[in-house]
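The opening position of the sequence shown corresponds to residue 50 in the numbering used here, with each subsequent residue numbered one higher. Cβ coordinates follow ideal geometry from the N, Cα and C atoms, glycine included. Please read the structure below before turning to the comments.
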Amino acid sequence: MTSYISYIRTSKQEQKNGLEAQKSAINAFLSANGGDVLATYTEQVSGAKDDREELQKAIKHCKKTGATLLVSKLDRLSRRVSFIAKLMESSVQLKVAELPNADTFQLHIWSALAEQERRLISERTKAALAVKKAQGVKLGNPKAQEQTALAKDFAKSVLPYIEELRQQGITSLYAISKQLNETGIKTFAGGKWYPQTVKNTLGYISG
């Protein structure tokens, strides 16, 4: 019976169901092909990084026990074909749950194709954005733009209080933040004022 060390990775943007989906894929692979999982290593980090702590632990565990590294999908391991190629050249055997019959050569080809597809998508996206920009389309996140507009409106509403404090000789950012807190005026986020908060708020007006 083959022994496995499973590795599960989600990015910081992914929800918990991404973790469960990987577990399900790995369990389905084991049910169909047999095998025993000695340990599972899990972390939440971008696949663009290869120096992942839990991944390195999983690889070391494989080398120590002779177990096969098992992942649900190839991109859970890495998005770089160079990293996957290096791993395959080592003593560590690799299995991908969604590609159960793929050998080492095929996995290498799959990783190269996936990297090329990501590069093409990136190039197409940049080209499309460049065209829209040339056409005068305003780019950016609508929600972010809305938040910026609201922050500017808030800054304008609090400016008279700051100007009044300045006329009273209270001019330093620290002194202004202290007075605003004592007055009971909240920041745009509904919290306490700090020197940097005052600076940022004034920046919305001057910007």
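With DSSP run on the structure shown, which of helix, strand or coil describes residue i?
| i | result |
| --- | --- |
| T236 | coil |
| R128 | coil |
| V86 | strand |
| Q228 | helix |
| S140 | coil |
| R101 | coil |
| G57 | Residue 57 is actually Ile in this sequence, not Gly. Note: I57 maps to strand in three-state DSSP. |
| Q217 | coil |
| T117 | strand |
| S52 | strand |
| Q93 | strand |
Is it the case that the Cβ atoms of residue i and residue j are separated by a distance below 8 Å?
| i | j | result |
| --- | --- | --- |
| T51 | T117 | yes |
| V120 | Y56 | yes |
| R125 | Q71 | yes |
| I234 | V207 | yes |
| K201 | Y243 | no |
| E147 | K122 | yes |
| A161 | V130 | yes |
Tell me the DSSP bridge mates of residue i?
| i | result |
| --- | --- |
| L148 | V145 |
Open item on the list: I'd like to know if the region 73–82 and the region 101–109 are in contact, where contact means that at least 3 CB-CB pairs between them fall below 8 Å.
Closed with: Contact between the region 73–82 and the region 101–109 is absent, with fewer than three C-beta pairs closer than 8 Å.
Task: Any 3 or more C-beta pairs closer than 8 Å across the region 88–96 and the region 143–157 - done: Touching, no, given that fewer than three Cβ pairs across the two stretches are closer than 8 Å.
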